[in-house]
Structures are given as C-alpha cells and as structure tokens.
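Everything on this sheet refers to the single structure shown next.
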Amino acid sequence: MKKRMLFFLLLFFNVVGVSSYAQDDLRMNQIQFVGTHNSYHVGLAPGEMAILKKQNAQSAESLAYKHPQIEAQLDAGVRQLELDVWGDTKGGLFADPLFLKLAAKEGHGDSMPAGWVDAMKKPGFKVLHANDVDFRSHCWTLVACMQDIRKWSKAHPGHLPIYIQLENKTGDARPGGTQPEDLSKATMDALDVEIRSVFTAGEVVTPDDVRGKHKTLEEAVLTEGWPKLEWARGKVVFVLDQERVTPFYTEGHPSLEGRMMFTNGKPGTPDAAFVKMNNPLSPEIPELVRKGYLIRTMTDGGVQAVRTGDTKRRDSGIASGAQILSTDYPYDWKADGSGYNVSIPGKVRCNPINAPKSCIVQFN
Numbered sequence: 137m138k139k140r141m142l143f144f145l146l147l148f149f150n151v152v153g154v155s156s157y158a159q160d161d162l163r164m165n166q167i168q169f170v171g172t173h174n175s176y177h178v179g180l181a182p183g184e185m186a187i188l189k190k191q192n193a194q195s196a197e198s199l200a201y202k203h204p205q206i207e208a209q210l211d212a213g214v215r216q217l218e219l220d221v222w223g224d225t226k227g228g229l230f231a232d233p234l235f236l237k238l239a240a241k242e243g244h245g246d247s248m249p250a251g252w253v254d255a256m257k258k259p260g261f262k263v264l265h266a267n268d269v270d271f272r273s274h275c276w277t278l279v280a281c282m283q284d285i286r287k288w289s290k291a292h293p294g295h296l297p298i299y300i301q302l303e304n305k306t307g308d309a310r311p312g313g314t315q316p317e318d319l320s321k322a323t324m325d326a327l328d329v330e331i332r333s334v335f336t337a338g339e340v341v342t343p344d345d346v347r348g349k350h351k352t353l354e355e356a357v358l359t360e361g362w363p364k365l366e367w368a369r370g371k372v373v374f375v376l377d378q379e380r381v382t383p384f385y386t387e388g389h390p391s392l393e394g395r396m397m398f399t400n401g402k403p404g405t406p407d408a409a410f411v412k413m414n415n416p417l418s419p420e421i422p423e424l425v426r427k428g429y430l431i432r433t434m435t436d437g438g439v440q441a442v443r444t445g446d447t448k449r450r451d452s453g454i455a456s457g458a459q460i461l462s463t464d465y466p467y468d469w470k471a472d473g474s475g476y477n478v479s480i481p482g483k484v485r486c487n488p489i490n491a492p493k494s495c496i497v498q499f500n
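Below is the structure:
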C-alpha cells in the first residue's frame with residue numbers, strides 16, 4: 137500500500153513539474169487564438185444603409201454586421217483587435233460625413249452620439265471604416281480606442297498579450313465627400329507618438345524586445361524565437377496591416393529599431409517577424425509558422441459563404457497553425473441564423489504546428 141501511494145505521489149509531482157515547465161517555457165508564437173476584423177465596427181444607421189443599398193447593394197450586404205464594445209470582445213476572449221486609422225493632422229476632416237447629411241435630407245438621419253463632433257474636430261488619428269459612408273465606431277479616435285484597451289488590460293493583470301492591428305486608410309474622395317490625407321513617413325512617426333502617449337514603457341512588446349542582441353528582427357525570430365509567453369502576459373503588441381506602409385515605417389529603421397509596431401513583413405527582409413496571410417488555404421502558412429514567423433489569417437469567406445455555413449476557410453485556417461484567426465463572427469455571435477462562428481476550445485490552444493508536445497496554456 138505504501139509503495140503504491142509513493143508511486144502515485146511521484147507520478148503526480150512529475151506531471152505537475154512537466155506542466156509547469158511547459159507553461160513557463162512556451163513562446164508567444166506557440167499558441168493560437170481568435171481575433172476580430174474591424175473590431176470597432178458599429179455598422180451603418182438605417183438611413184445610411186438605405187442610401188448605400190441604392191448605390192451599391194453588394195457593398196451594403198458586406199457591411200451588415202457589427203461588433204460589441206471592445207471591452208466586451210476582450211471579456212469574451214478576443215485577443216487580437218483591428219483598428220482602421222485615418223490621418224487627421226489638423227482635425228475636423230471627418231466631422232461632417234456625406235452619408236449623414238444625405239440621410240438627414242431624406243428624413244431618415246440618425247444623429248451621432250454626444251461628444252462625437254468635438255472629438256472628431258481635434259487633431260489626431262480617427263477610427264472608422266469608410267470615410268463619408270461607414271463612419272460609426274465604438275471608439276472614435278485611436279487614442280480613445282487605446283485608452284479603452286489599456287483600461288481593460290490594467291483591470292485584468294496577467295492576460296494573454298493583446299495584438300492591436302492597425303490598418304492605415306486613405307483613398308480618393310466620393311463626389312461631395314472628404315479627401316483623406318495621404319500616407320507618408322510622417323504619418324507613421326505620428327502613429328508611434330500616439331501609441332507612446334497612451335502606453336508606457338514595459339506595457340508594449342516592441343520590435344526591440346524581440347530582436348534583442350540579434351542583428352535583425354527576422355534573425356531573432358528564426359533563431360532564438362519570440363519571447364516567452366509568460367513574459368508577454370499583461371502587455372499589448374502593435375502590428376501593421378499592409379505592406380504598402382512598410383517603406384515609410386522602415387526608413388531609417390530597417391530592423392524596426394526604436395519603433396513601436398511590427399510591420400506586415402515579407403520573409404527574407406530584416407523587419408520580417410509578423411506576416412499577414414489573409415488566405416487561410418495557403419500552403420505557405422504552416423511552413424512560415426514552423427520557421428518562427430507569427431501569422432494572421434482571415435477565416436471568413438464572404439457574406440454568402442458565411443450564410444450558407446461554409447466552414448472550409450475557417451477549418452483550414454485553424455489547422456494551418458496561423459496564430460491569429462481574424463473573423464467578423466467570433467464565438468457564438470451568430471451570422472444570419474447559419475450558426476457560422478469561429479472559436480477554439482478554451483479560447484486559446486497550443487499551436488498545432490509548432491508547440492511542444494508537453495504544451496499547456498492557460499487562458500486569461
């Protein structure tokens with residue numbers, strides 16, 4: 137009896153020891169979790185949607201979704217958020233949107249919340265989907281969005297790192313609409329300034345943290361690897377969405393020295409660590425994950441695919457090992473009754489491609 141008891145005690149402590157080691161040794165890129173696409177999105181008001189349906193029914197259909205407040209998404213388990221940011225150096229550029237005026241003329245206008253105009257008139261980056269058309273957001277400025285995220289982070293110490301993906305927006309004006317600002321190196325410098333105005337040193341996982349003593353950022357992730365997950369808990373990570381802004385951001389910072397964000401890197405370049413691969417069917421994703429890159433993919437296949445419950449893209453994305461699974465339909469936020477949603481058991485799991493066999497990870 138004593139020998140049997142000793143055997144089970146040794147077995148228990150051995151398992152605990154292995155689990156503790158696996159948890160402590162796990163790296164940031166060895167897990168998989170769900171993120172949201174256009175995380176700020178409130179959707180068009182009925183009058184604005186009616187106008188868009190007349191002009192472009194297909195576009196209207198694609199925009200017929202909304203997310204809960206950002207804090208509610210984080211409560212539910214989302215650990216990647218996407219924010220579309222528009223430069224507004226002088227302020228007021230997006231304070232009088234075209235569709236708001238058109239809807240009012242037709243007698244179907246829905247006023248904006250109190251304080252919106254004042255916030256939009258101040259200089260700084262604004263958060264919205266499409267200028268003049270799809271402009272309603274849970275948080276109106278980049279600073280306000282970051283403040284909401286930081287407040288939640290401070291109230292939930294030890295949470296898994298939160299990835300904040302920024303997509304710089306610009307483009308041509310609609311007839312009668314606003315002409316957005318062009319992108320430049322100054323745009324990217326200003327983004328770093330705004331990030332530093334909200335998050336303090338030590339609250340953000342920066343490229344310098346990941347590169348360490350290595351010559352380039354890519355060399356660091358392909359040899360030593362990403363930092364330990366336990367070290368990154370309670371922090372945020374900023375990543376850029378498009379390759380087109382990379383030259384502006386890497387000018388004078390080829391390996392993102394002193395920068396606050398990771399670029400959408402191209403494998404083989406000094407700044408490559410995070411890579412956006414929107415097609416979850418791509419056979420490149422598992423190989424990039426094995427090499428050490430951190431990958432974001434988009435799991436949804438468009439409105440029609442979602443409505444028919446087509447899960448091919450979703451299932452391929454989950455199996456691919458892409459660490460960030462971005463979706464418009466996370467968890468049980470149902471889509472048009474089809475039941476389509478994107479989730480993983482436990483809200484986070486050990487990465488199926490590159491996590492060690494002894495891996496365990498706790499969600500927070």
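The sequence shown begins at 137 in this note's numbering and counts up one residue at a time.
Every residue, glycine too, gets a C-beta built ideally from N, C-alpha and C.
Remember, predicted model here, so these are calculated numbers, not experimental data.
Quiz item: CB A368 to CB P297, shorter than 9 angstroms?
Solution: Here residue 368 is taken as the residue at index 232 of the sequence shown, counted from 1. Here residue 297 is taken as the residue at index 161 of the sequence shown, counted from 1. A368 is a Cβ neighbour of P297, given a cutoff of 9 angstroms.
Quiz item: Should Y476 and R450 be called a contact, given that it needs their Cβ atoms to be closer than 9 angstroms?
Solution: For the purposes of this step, residue 476 is taken as residue 340 along the sequence shown, with counting starting at 1. For the purposes of this step, residue 450 is taken as residue 314 along the sequence shown, with counting starting at 1. One thing to note: Y476 has its Cβ within 9 angstroms of the Cβ of R450.
Quiz item: For L327, is the classification buried or exposed, using 16 other Cβ atoms within 10 angstroms of its Cβ as the cut-off for buried?
Solution: Along the sequence shown, one-based indexing puts residue 327 at 191. Buried.
Exercise. Let me know the beta strand (DSSP E) ranges lying completely inside the stretch 198-245, each 3 residues or longer, listed in chain order.
Key: DSSP runs (the beta strand (DSSP E)) wholly in the stretch 198-245: 216-222.
Quiz prompt | Contacting residues, own chain, Cβ-Cβ under 7 angstroms from K312 (five flanking each side not counted) | solution = Your numbering for residue 312 matches position 176 in the sequence shown. Note that residue 312 is Gly in the sequence shown, not Lys. Answer for G312: L234, listed in chain order.
Quiz item: Roughly how many angstroms lie between the CA atoms of M434 and N174, to the nearest whole one?
Solution: For the purposes of this step, residue 434 is taken as residue 298 along the sequence shown, with counting starting at 1. For the purposes of this step, residue 174 is taken as residue 38 along the sequence shown, with counting starting at 1. The alpha-carbon of M434 is positioned some 12 angstroms away from that of N174.
Exercise. Indicate, with yes or no, if the ligand ZN has a heavy atom lying under 8 angstroms from the CB of E420.
Key: The ligand content of the structure shown is nil, which means the ligand ZN is not present either.
Quiz item: Is the beta carbon of R200 less than 9 angstroms from the beta carbon of G171?
Solution: Walking along the sequence shown from the start, residue 200 turns up at place 64. Walking along the sequence shown from the start, residue 171 turns up at place 35. Checking the displayed sequence, the identity of residue 200 turns out to be Ala instead of Arg. Taking C-beta atoms as the reference points, A200 and G171 fail to come closer than 9 angstroms.
Quiz item: How many Å lie between A208 and C281 at the Cα?
Solution: Within the sequence shown, numbered from 1, the residue matching residue 208 stands at position 72. Within the sequence shown, numbered from 1, the residue matching residue 281 stands at position 145. Rounded to the nearest angstrom, the two C-alpha atoms are 13 angstroms apart.
Quiz prompt | Collapsed DSSP secondary structure at R485 in the structure displayed | solution = What you label residue 485 is simply residue 349 of the sequence shown in a count that begins at 1. DSSP places R485 within a strand segment (E or B) once states are collapsed to three.
Quiz item: Run through DSSP, which three-state label would N490 get?
Solution: As a working note, residue 490 is residue 354 in the sequence shown. N490 sits in coil when the DSSP states are folded into three classes, being neither helix nor strand.
Self-check item: L302 - partner residues in DSSP beta bridges
Solution: Stepping through the sequence shown from its first residue, residue 302 is reached at position 166. Beta-bridge pairing links L302 to L219, L376.
Practice problem: Give the straight-line distance between the Cα atoms of S474 and G445, rounded to the nearest whole angstrom. | Solution: Position 338 of the sequence shown, counted from the start, is the residue given in the question as residue 474. Position 309 of the sequence shown, counted from the start, is the residue given in the question as residue 445. Their Cα atoms are separated by approximately 6 angstroms.
Quiz item: Under the rule that 16 or more other beta-carbon atoms within 10 Å means buried, what is L162, buried or exposed?
Solution: For the purposes of this step, residue 162 is identified with residue 26 of the sequence shown, where counting begins at 1. The Cβ neighbour count for L162, taken over all protein chains shown within 10 Å, is at least 16; the residue is labelled buried.
Quiz item: Are there 16 or more other CB atoms within 10 angstroms of the CB of P316, so buried, or fewer, so exposed?
Solution: In the sequence shown, residue 316 corresponds to position 180, counting from 1. Answer is buried; the Cβ neighbour count reaches 16.
Quiz item: Among R443, M185, L430, which residue has its Cα nearest to the Cα of G457?
Solution: On the sequence shown, position 321 is the one that residue 457 refers to. G457 has its Cα closest to that of L430, out of R443, M185, L430.
Practice problem: Give every residue of the same chain whose Cβ lies closer than 7 angstroms to the Cβ of T352, excluding the five residues on either side of it in the sequence, and list them in chain order. | Solution: In the sequence shown, the residue the question calls residue 352 occupies position 216. Hits under 7 angstroms: S391, P406.
Exercise. Rounded to whole angstroms, what's the CA-CA distance from G361 to Q166? Just pull it up for me.
Key: Here the question's residue 361 lines up with position 225 in the sequence shown. Here the question's residue 166 lines up with position 30 in the sequence shown. Roughly 10 angstroms between the two C-alpha positions.
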